[in-house]
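Going by our numbering, 88 is the number at position 83 of the sequence shown; the sequence numbering is gapless.
Ideal Cβ placement from N, Cα and C applies to all residues, glycine included.
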Amino acid sequence: MPLFINRDQMFAHQIHLLEHKLRSKEERILELETENAILHLRLAECLGKLRRDHEEETKAESHDQLQRSTHKITRSAVLKLLSGVQAVKQDLSEVFAVYVSFATELEEQSKKLLEKVEQTRSCLNGHRGDEFQDLQAHVAALERSLEEERERCRAEKQKRKELHNMLVELRGNIRVHCRVRPVLHFDHIQSSTSGSGPASSEEVVHAITDDSVMVNSLKTGMPMQNKMFEFERVHGPEDSQDAVFEEVKPLLTSLLDGYNVCIMAYGQTGSGKTHTMMGSQPPEEHSGMQQEAQQGIIPKAAAELFRLISEKPAESHTVEVSVVEVYNNEVFDLLAKNELGNVASHRRDVITTSSGVTQVTSLTYEPVRNASEVMQIIGSVLKLRAHCPTLIHTDSSRSHLIVTLNISSKSPNALALARKLQSAKMDMQRITHKEWWSPRCRRANPAARNASDKPYASSASSPCPSPSYSPCPSPRHSISQTPFRTRLQLVDLAGSECVGMSGVSGAALWEVSCINRSLSALSDVLGALAEQRPHVPYRNSKLTHLLQDAIGGDAKLLVMLCVSPTQRFITESLQSLGFGSRARQVQKEPPRRKNNTLKVK
Ligand code: ADP
Ligand code: MG
6 MPLFINRDQM
16 FAHQIHLLEH
26 KLRSKEERIL
36 ELETENAILH
46 LRLAECLGKL
56 RRDHEEETKA
66 ESHDQLQRST
76 HKITRSAVLK
86 LLSGVQAVKQ
96 DLSEVFAVYV
106 SFATELEEQS
116 KKLLEKVEQT
126 RSCLNGHRGD
136 EFQDLQAHVA
146 ALERSLEEER
156 ERCRAEKQKR
166 KELHNMLVEL
176 RGNIRVHCRV
186 RPVLHFDHIQ
196 SSTSGSGPAS
206 SEEVVHAITD
216 DSVMVNSLKT
226 GMPMQNKMFE
236 FERVHGPEDS
246 QDAVFEEVKP
256 LLTSLLDGYN
266 VCIMAYGQTG
276 SGKTHTMMGS
286 QPPEEHSGMQ
296 QEAQQGIIPK
306 AAAELFRLIS
316 EKPAESHTVE
326 VSVVEVYNNE
336 VFDLLAKNEL
346 GNVASHRRDV
356 ITTSSGVTQV
366 TSLTYEPVRN
376 ASEVMQIIGS
386 VLKLRAHCPT
396 LIHTDSSRSH
406 LIVTLNISSK
416 SPNALALARK
426 LQSAKMDMQR
436 ITHKEWWSPR
446 CRRANPAARN
456 ASDKPYASSA
466 SSPCPSPSYS
476 PCPSPRHSIS
486 QTPFRTRLQL
496 VDLAGSECVG
506 MSGVSGAALW
516 EVSCINRSLS
526 ALSDVLGALA
536 EQRPHVPYRN
546 SKLTHLLQDA
556 IGGDAKLLVM
566 LCVSPTQRFI
576 TESLQSLGFG
586 SRARQVQKEP
596 PRRKNNTLKV
606 K
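Given below as structure tokens:
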């Protein structure tokens, strides 16, 4: 290896060394710069801390200042309050002193009062104690006698009622019962004509006792007027169907005793005539008992009639039913059948026979054996009856419905037969001496005896032979054991109403006019009977002609007046009550029994 190192190599070596030094210096510079930056950061941190410390110091200083000033203010306020409390304390002690003086005074007063009460009590127990006991005994005695008087009054009232009924019967008066129905939903409809007058739903007709009705007439700007009406019986809104029927029941006993009976419901549309006569259908889910309770006079009367018949097993009775409606002044037989044997109403005529009996020609009678058969027949033909919805209620009947039950009775009773013979003998004697003559007894007249005197023409469907009907005793009747025949007529009249009130129009107007004309004909007939005019206009309407025997004849007639209680129907209610009063004034022929046996009481 050569020992000689050239200069270039030396230089290169030196450069290399220098470069190495430079690199290490640069690294050192980098390190120092990093250190420098770290020191800068630390310095900034220290400066920030110093600034924050300074700020906190200034804040604390200002807070101290604020606290010092607040303290000062609070102190002055507390001082003020203390002086106020001192003043209040002073006032309180003054008030307490006054209270103490009052309390002592009050205590003294109550002590005195208690002493006085004690004194009075001892006085009462002493001198007046006996007096007090005497008074108590007197009051008890008075109460007892009052109860006795009440009982006597009740008995007297009952006696008066019985006597009145007897008088009504003897004088041949028409009985009038009145039923005021409860307020119902359609009473609340304000009519367009009533304007600012009294509220239409105001209750103005009140059953005040069991025989009187009070009407409070309310008119705008007028003082209230009270009107009283008296009838044989008045039922209020709370009276049930049973209660109404209970008063009608005795008439059914009369039926089997030999009297003709007619029960007629009169009143304005919606006043409860059909409810009273037929009843209302309770909801389906109601029990049989409730359904029965809702039944009206017709089903209840049918049941009672068959019950009474069942109590007389020795006598034989046959019952047949007919159903007639008077619609637009025409009489329709609702049981008539067409060629196919189906029920189809047929027009019929009303005639008066030569014996003075009113009858419907070719009227259909159906034999019935119990009340449910009666109701089945009526139910099956009721759909044929003319109905029309009116503003008052949706099921308004537009015709008069007359259900008739004819009862033929035959008594095998020997005593009755003997009495029949005796009475027939007496009749014969009277007739020979012309003592018993009356226009209604034309059969006593030989000339009239031949005339046709069948009261009802029985249809082919009836198994009952047409009995010889006798409004008066006849020898033929009593000697042979011909059955006597009585008749129960149950009438549900169509409603009297103002055209404006019922809201009817068109063909229905004619219906309303026919209804109103027939009802005023009924009113005219009652007027003529009440005034005992020689001519009674029965023939002015088919209704009055058909009911002639019941209204003017010898039947027991009961008018069931149905009245709405509210101001809305006040005009119609007053009209109905007036009709009832007029009916009571009629003294028609006293009821006469159809059989000649004397009633054994
Ligand atoms: P009218 O035959 O006089 O036109 P309704 O007998 O059809 O009147 O009665 C009209 C409505 O009033 C029916 O819905 C009936 O159920 C109801 N109503 C009538 N009277 C009474 C009563 N006393 N109690 C309860 N509802 C009654
Ligand atoms: Mg009706």
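Put simply, of Gly532, Leu579, Gln572, Pro570 the residue whose alpha carbon is nearest the alpha carbon of Arg589 is Gly532.
Looking at Asn343, Asn375, His351, Gln286, the one whose alpha-carbon comes closest to that of Ala306 is Asn375.
For Met229, the three-state secondary structure derived from DSSP is coil.
Runs of the beta strand (DSSP E) lying entirely within the region 89-130, each at least 3 residues long, are absent. Only buried fits Asn265, as 16 or more other CB atoms lie within 10 angstroms of its CB.
Cα atoms of Ala65 and Lys26: separation of roughly 58 Å, rounded to the nearest angstrom. Judged by DSSP secondary structure, Gly272 falls within the beta strand (DSSP E) whose first and last residues are 266-272. Ranked by Cα distance from Val185, the first of Arg587, Thr125, Thr571 is Thr571. The C-beta distance from Leu493 to Leu410 rounds to 4 Å, short enough to meet the 8 Å contact threshold. In this structure, DSSP gives Leu27 a helical state, which the three-state scheme calls helix.
DSSP links Phe574 through a beta bridge to no other residue. According to the DSSP secondary-structure assignment, Cys183 is paired through a beta bridge with Val239, Leu566. From the listed residues Glu243, Asn221, Gln138, Gln141, the smallest Cα separation to Leu189 is found for Glu243. Burial is judged here by how many other beta carbons sit within 10 angstroms of a residue's own beta carbon; Pro304 has at least 16 and is buried. In this structure, Leu340 lies near Val326, with their beta-carbon atoms less than 9 Å apart.
In terms of Cβ geometry, Val210 and Val517 do not form a close pair [threshold 9 Å].
For Asp247, there is no enclosing beta strand (DSSP E); the enclosing alpha helix (DSSP H) covers residues 246-251.
The closest CA to that of His351, considering only Gly284, Val386, Leu140, is found on Val386. Counting every other CB atom within 10 Å of its CB across the protein chains shown gives Met283 a total of 16 or more, marking it as buried. About 7 Å separates the beta carbons of Leu261 and Ser414, which is inside the 8 Å limit, making them a contact pair. Distance between Ser206 and Asn221, taken at the CA atoms: about 13 Å. Shown here, Val530 sits in a helix according to DSSP, grouped into three states.
DSSP, read as helix, strand or coil, puts Ser414 in strand. Residue range 371-373 is occupied by the beta strand (DSSP E) that includes Pro372.
The region 573-585 and the region 544-561 do not touch, with fewer than 3 CB-CB distances between them shorter than 8 Å.
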